[in-house]
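Structure first, then comments.
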Amino acid sequence: MTRAVGRRAVLSGGAAAAALAALTACGDSAIQRRQPSPIALANVWPWGANTFLDLEVETWKRRHTLEMVRDAGIRWIKQHAPWADIETPERGQYFNAAARRSTWDKYDEIVDLAEEAGVEIIARIDRAPAWARVNKAHPTTPPTNYVDYGRFLSAFATRYRGRVRHYQIWNEPNLAHEWGGAPPQPEEYARLLRVANLAIKSVDEDNVVIAAPMAATLENSPRAMDELHYLRRFYEAGAGDYLDVQAANAFGLEHPPEAPPDLHVLNFRRVEFVRELMVEFGLRNRPVWFNEYGWNASPADMSPAKLVWRRVPEETQAEWTVEGVRYALTHWPWAGVFNLWFFRKPLGALQPDESEYYFRMVEPDFTPRLVYRAVQRAATGASFP
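819 is the number of the first residue of the sequence shown in the numbering used here; add one for each residue after it.
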């Protein structure tokens, strides 16, 4: 999700303080679903965030990240666990020769620390290791033999049985660059999901299998397929039998949360078209969870050509992030977890000249931004001086 952009612009201290005061002037009850949904997996705590704990080296930074997640009232993290990072260097091996330690150690610690903080993990598992994608150099290439993927998922689910219960299978396969550079293949992803479902459920039938989110796009070419066309073919291939939850991305771009859906526009409520497809294919009782959600607060002087997610002012980012969840919980009985994009990335993982940088809730040095405080108030009902 990274693109080069212009220089960073930061609110002045006075402007930031005024905006924060407006957002947190008084306490309120936490924003959550008030009326139970008839869809079981929609009756969940809605506040989640994407974390990158696998990119951290120091334990204290992982722990402090999760403490700040918890203190914001966020009870879910969407955390990447790349297959290639664990089952290496060969099939059935789990050893980092450079570090002279098991590749499981990092993820054992992440699971331990999440439990310590009282936070549930949604594990995104993709990225086949080189040995599993024969003669294919692209790191997002699906495995040559889907059985290898199923076997790894079984090993992962067994190791963390009862501790990690939610599994997202792959990411944005409607984009060529997330499918090994090849044109999107909905029927092949349906096959991969079936293998994943059977492997994960064989360990524990109560594990939750989450079908990958599609990138919201209007493009149809060898490099991308619009998500509605992709999902139609995906469901026609019988994929609905192998998912408990459909993931979706919901970026608002420059549009407010309540802006109506339009087949020719990318906005927050575009996901309503995904829901219509699910209902059409008999998936009314499966919810939508949000893999990536939010608004970008890039500087106003960035070139429009570089604003991949458009932009809004930082104050608006904070306000609309909360109002989008409020809108969904009021109007969408099928909406579940909203994983904000993103909580924090380590120093050096992103630069201020990249547009993605301006989604962050927390600075690399752990300083909260306006969107963090707004979510904290909305998720906990707390007020701040």
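For each residue, glycine too, the CB sits at the ideal point set by N, CA and C.
Since this is a predicted model, take the numbers as computed values, not measurements.
Annotation for GLU885: ALA935 place their beta carbon closer than 7 Å to its own, counting only its chain and skipping 5 residues before and after.
Put simply, the backbone Cα of PRO1117 is about 43 Å away from that of GLY980.
For the pair ASN861 and PRO854, the Cα-to-Cα distance works out to about 6 Å. Along the length of the region 1134–1196, whole beta strand (DSSP E) runs at least 3 residues long occupy 1153–1158, reported in chain order. Around the CB of PRO864, 16 or more other CB atoms lie within 10 Å, so the residue is classed as buried. Per DSSP, reduced to three states, the secondary structure at GLY1058 is helical.
Its Cα nearest to that of LYS954, the residue GLY999 stands out among GLY999, VAL1097, TYR967. Contact between the region 1092–1104 and the region 1036–1044 is absent, with fewer than three C-beta pairs closer than 8 Å. The beta carbon of VAL982 is closer than 7 Å to those of VAL929, ILE939, ALA941 in its chain, skipping five residues each way along the sequence.
Under the three-state reduction of DSSP, VAL1027 is assigned to strand.
Buried is the label assigned to GLY1154, since at least 16 other Cβ atoms lie within 10 Å of its Cβ. THR1185 sits exposed, since fewer than 16 C-beta atoms from the chains shown fall within 10 Å of its C-beta. Secondary structure within the region 902–928: not one fully enclosed alpha helix (DSSP H) run of 4 or more consecutive residues is present.
For THR869, the enclosing beta strand (DSSP E) starts and ends at 865–869.
Here the C-alpha atom of TYR912 lies approximately 10 Å from the C-alpha atom of ALA902. Measuring C-alpha to C-alpha distances from ARG1051 to each of GLN1003, THR1139, TYR1060 identifies GLN1003 as the nearest. Short of 8 Å from the beta carbon of ASP1022, and not among the five residues preceding or following it, lie these beta carbons of its own chain, in chain order: ALA975, ARG979, GLY980, ARG983. From the listed residues GLU1005, LEU1016, GLU1006, VAL937, the smallest Cα separation to PHE970 is found for LEU1016. Within the region 1001–1046, the complete beta strand (DSSP E) runs of at least 3 residues fall at 1026–1029.
Excluding sequence positions up to five before and after LEU1046, its CB lies within less than 6 Å of the CB of PHE1091, all in the same chain and listed in chain order. When only Cα atoms are considered, TYR1175 and ALA1065 end up about 23 Å apart. Inside the region 1083–1140, DSSP marks whole beta strand (DSSP E) runs of 3 or more residues at positions 1106–1112, from first to last along the chain.
C-alpha of ASP1059 to C-alpha of MET1096: approximately 12 Å in a straight line.
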